[in-house]
Amino acid sequence: MKVSRIIINGIIIFIGIGLFFLLMEKLGLGDKIYLRLVNFIFVIYGVNRTIKQDYEDHIDGYFTNLSSAFFTAFTSLILTIFAFIAYANARGGEEYIHTFVKHYIFGGTPSLYQFCIGLFIEGLAASAIVSFTLMQFWKDKVEKINKVDDLNHN
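Take the sequence shown: its letters are residues 51 to 204, numbered as in the numbering used here.
Put into structure tokens, the structure is as follows:
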């Protein structure tokens with residue numbers, strides 16, 4: 051597991067999500083909750099990139115690569131949450147959140163930080179789902195434990 055790789059790919063995910071979010075805001079599509087599913091494309095890309103680079107560097111092991119994948123997504127999540135807090139504060143703070151939150155599943159009118167805690171939990175779940183799903187694709191490539199040496203077992 052290379053920390054620099056995790057951080058770089060996490061930043062790539064963050065940039066993709068950030069630009070997509072800004073584009074949605076600019077086009078007036080911020081209220082279309084189903085468009086948020088496009089965020090998965092950026093997370094899948096960055097996490098897969100981490101696992102692929104680990105594989106190319108012969109970093110084997112299911113849990114090693116699963117950890118790398120999860121921490122890549124987690125890095126982007128942390129960056130995204132802090133950037134969203136800064137963006138929301140620049141747009142009016144609580145007033146922005148109250149107009150923004152009506153398009154989400156949250157009940158009532160949460161504060162900016164309550165909203166971000168909800169996004170954090172959602173992001174953790176998405177990070178775990180994407181990491182585990184991609185590892186199902188990569189597991190036979192990075193895990194050598196199930197391979198039998200045919201010369202010794204004939």
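Note that CB positions come from ideal geometry on N, CA and C, so glycine has one too.
Exercise. Given Leu184, which residues of its chain have a CB within under 8 Å of its CB, disregarding the five upstream and five downstream residues?
Worked result: Ile94, Val97, Asn98, Ile101 and Ala119
Exercise. In terms of residues, what are the limits of the alpha helix (DSSP H) holding Lys82?
Worked result: Looking at the DSSP string, Lys82 is not in any alpha helix (DSSP H), and its letter there is neither H nor E.
Problem set entry | Inter-residue spacing [alpha-carbon to alpha-carbon] between Thr159 and Ser126 | 26 Å
Problem set entry | Phe132 versus Tyr105, Leu169 and Tyr112, residue with shortest Cα-Cα distance | Measuring from the Cα of Phe132, the nearest candidate turns out to be Leu169.
Exercise. If you draw a straight line from the alpha carbon of Gly66 to that of Ile109, how long is it in whole angstroms?
Worked result: Cα to Cα, Gly66 sits roughly 26 Å from Ile109.
Exercise. Would the segment 127-146 and the segment 61-77 be scored as touching if the rule is three or more Cβ pairs under 8 Å?
Worked result: Contact between the segment 127-146 and the segment 61-77 is present, because at least three Cβ pairs lie under 8 Å.
Exercise. The alpha helix (DSSP H) with Lys189 in it runs from where to where?
Worked result: Residues Leu162 to Val192.
For this session: Check Thr114 in the structure and name its three-state DSSP category.
Result: helix
Problem set entry | Check whether Phe15 and Asn89 have beta carbons under 8 Å apart | Because the chain is modelled from 51 through 204, residue 15 falls outside the range shown and cannot be assessed.
For this session: Report all residues from its chain with a CB closer than 7 Å to the CB of Leu162; omit the five preceding and five following residues, and keep chain order.
Result: Cβ within range, chain order: Ile135, Ala138, Gly143, Glu144 and Ile147.
Exercise. With distances taken from CA atoms, which of Glu75, Leu116 and Ile56 is nearest Thr149?
Worked result: Glu75
Exercise. Does any CB atom of chain C fall closer than 8 Å to the CB of Asp104?
Worked result: Absence of chain C from the displayed structure is noted, only one protein chain being present.
Exercise. Nearest to Gln186 by alpha carbon, out of Leu116, Ala140 and Ser177?
Worked result: Leu116
Exercise. In its own chain, which residues sit with a C-beta less than 6 Å from the C-beta of Gln103, not counting the 5 before and 5 after it?
Worked result: Arg55
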